[in-house]
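Engineer: Let me give you the structure first, and then I'll get to my questions.
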Ligand SMILES: [Fe+2]
Ligand SMILES: [Fe+2]
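Residue numbers (this note's numbering): 586 to 747.
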């Protein structure tokens, strides 16, 4: 095995955190769909898929370095939302939380002089900058529009997503 037991355990935890993110965003996508906010729904279905891919990326790295994959239970996410603003705010905070997890992993890899894992994690460091930034932007738009003009944010989101 090319990485330490400790690092393998931490990366397995991150696989679970990414799969949980996927599950959380999947529930949000369904809530948006139920509110007929179909563009928000599409954005969150897409985000749920991306988070699943993040989990798979780490899982495949574990296999590649000869570490054991340990699948854990995925917690049930909150699904009763009050408003689009509550969802976007929760997502923004969740991405900050995930950024902290990635930073903790990177710190551990640095402390262990584990260069392979540092190099692997760099993609995730960059990805978190992008995700926190785009959720911050979306949160600002949702707050600016307010509940009555949420359709304007739908239109903007549609344009942003292409
Ligand atoms: Fe992720
Ligand atoms: Fe994310």
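Note that the Cβ used here is the ideal one computed from N, Cα and C, for glycine as well.
Please list the terminal residues of the continuous alpha helix (DSSP H) segment that includes residue 592.
Structural biologist: 590-619
Engineer: Residue 633 and residue 614 look like a contact to me (Cβ under 8 Å); what is the Cβ gap, rounded to whole Å?
Structural biologist: Here residue 633 really is in contact with residue 614; their C-beta atoms are around 6 Å apart, less than 8 Å.
Engineer: Which residue from 678, 662 and 703 puts its Cα closest to that of residue 689?
Structural biologist: 703
Engineer: Taking 6 Å as the line, does the beta carbon of residue 636 fall inside it for any heavy atom of ligand 1?
Structural biologist: yes
Engineer: Would the beta-carbon of residue 598 be found less than 6 Å away from any heavy atom of ligand 4?
Structural biologist: Among the ligands present in this structure, namely ligand 1 and ligand 2, ligand 4 is not found.
Engineer: I'd like the span of the alpha helix (DSSP H) that includes residue 633, first residue to last.
Structural biologist: 623-649
Engineer: Roughly how many whole angstroms lie between the Cα atoms of residue 622 and residue 587?
Structural biologist: Taking the straight line joining both Cα atoms gives about 46 Å.
Engineer: Using 8 Å as the Cβ pair cut-off and three pairs as the minimum, do the region 730-740 and the region 691-698 touch?
Structural biologist: As far as the Cβ criterion goes, the region 730-740 does not touch the region 691-698, which means the pair count is below three.
Engineer: With residue 666 as the anchor, note down where its alpha helix (DSSP H) starts and where it stops.
Structural biologist: First-last for residue 666: undefined, no H or E at that position.
Engineer: Are the region 707-717 and the region 665-673 touching, with three or more C-beta to C-beta distances below 8 Å?
Structural biologist: no
Engineer: Start and end of the alpha helix (DSSP H) containing residue 718?
Structural biologist: 700-730
Engineer: If you count every other CB in all the chains shown that lies within 10 Å of the CB of residue 744, and 16 or more means buried, which is it?
Structural biologist: The residue is exposed, with fewer than 16 neighbouring Cβ atoms inside 10 Å.
Engineer: In chain order, what residues of the same chain lie with their CB nearer than 6 Å to the CB of residue 608, ignoring the 5 residues before and after it?
Structural biologist: The answer, listed in chain order, is 659 and 662.
Engineer: Between the Cα of residue 645 and those of 705, 726 and 698, spot the shortest distance and give me the residue it belongs to.
Structural biologist: With distances taken between Cα atoms, residue 645 lies closest to 705.
Engineer: Confirm, please, whether the CB-CB distance from residue 723 to residue 681 is below 7 Å.
Structural biologist: no
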